[in-house]
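>
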Amino acid sequence: MSSSLTGKTALVTGSTSGIGRAVADLLAERGAHVIVSGRDAGRGAQAVEAIRAAGGKADFVQADLTSADGARALAREASAITGRIDVLVNNAGIFPFAPTADTTEEILDTVYAVNVKAPFLLVAELAPAMAARGGGAIVNISSVVATRGSKDAVVYALSKAALDNLSRSWTAEFAASGVRVNTVSPGPIVTEGARDLLTANRDAFEARVPAGRLGEPREVAAAVAFLAADEAGFVHGANLTADGGFTAA
């Protein structure tokens, strides 16, 4: 077992399934005490049990990030478990696919709350303590759609573009204090939430990916783990795509 994150505490939002779950598993494998977070307590307990069974350290904090109070409470409760958060992975996100006219104000507000406001509030709560200790790592999970026009995912793309800008702004704000802020932008990844859409149109998606296949959550997790570790100490403000070359070609 690698120990590149031994002694660190990592909070991973939206980590009871999908990419977040893969990130939690891999950070634990590499030595971090992982705080698993999500709305579903049952799935959270399963994630923690699996990490512990594999020899890792984990706890679960239930959180609803659709509200500001929920985001702030998560920061407090997660920090209280070990006394600090060294790595924050802003993974939680919702991705309704709809054109503009079919997007209700409620959907717009909810997407913004989870995908933009919650990361903002978590960083506001946790980054100052990281800076005071002289270091920390924040990894934001964005998407390749943040830099592409998307007629069927307008609000989702908007939210991820905002998150990309936050990563750059936070780099300007916190880098001098030793806090590294970076982004991972996945392409088409087979998760529980996206499996039906991707597999129903697998040939079309794979034809657009130079690697010739869809990605797996653990491949995104590997990018996150790299950026979270001290070995990436001079990597600030990067946007690392995990998309099989989708945005390059």
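With full-length UniProt numbering applied, the sequence shown covers 1 to 249.
The C-beta atom is built at its ideal place from N, Cα and C for all residues, glycine as well.
1) Quick one: using the 10 Å Cβ neighbour count with 16 as the cut-off for buried, is Met1 buried or exposed?
2) Nearest-angstrom Cα distance between Asn165 and Gly178?
3) For the stretch 96 to 104 and the stretch 60 to 75, state whether three or more C-beta atom pairs, one from each stretch, are separated by less than 8 Å.
4) Let me know the secondary structure DSSP gives Asp64 once reduced to three states.
5) When the Cβ atoms of the stretch 4 to 17 are set against those of the stretch 33 to 40, are three or more pairs found closer than 8 Å?
6) Would you tell me roughly how many angstroms separate the C-alpha atoms of Gly149 and Gly83, rounded to the nearest one?
7) Where do the ends of the beta strand (DSSP E) carrying Arg43 lie?
8) Whole angstroms are fine: how far does the CA of Thr110 sit from the CA of Lys117?
9) Got a sec, what are the start and stop residues for the beta strand (DSSP E) residue 250 sits in?
10) Report the rounded CA-to-CA distance for Thr104 versus Ala129, giving the unit in angstroms.
Quick answer:
1) For Met1, the predicted structure reports a pLDDT of 45, less than 50, and the residue's modelled location is therefore unreliable. A value from the coordinates is still provided. When all chains shown are included, Met1 counts as exposed.
2) 19 Å
3) no
4) Annotated three-state conformation of Asp64 is coil, per DSSP.
5) The answer is yes - the stretch 33 to 40 touches the stretch 4 to 17, with three or more Cβ pairs under 8 Å.
6) Each residue's Cα considered, the two are about 42 Å apart.
7) Counting along the chain, Arg43 falls outside any beta strand (DSSP E), though it belongs to the alpha helix (DSSP H) covering 41 to 53.
8) 10 Å
9) Outside the shown range of the chain (1 to 249) lies residue 250, about which nothing can therefore be said.
10) 38 Å
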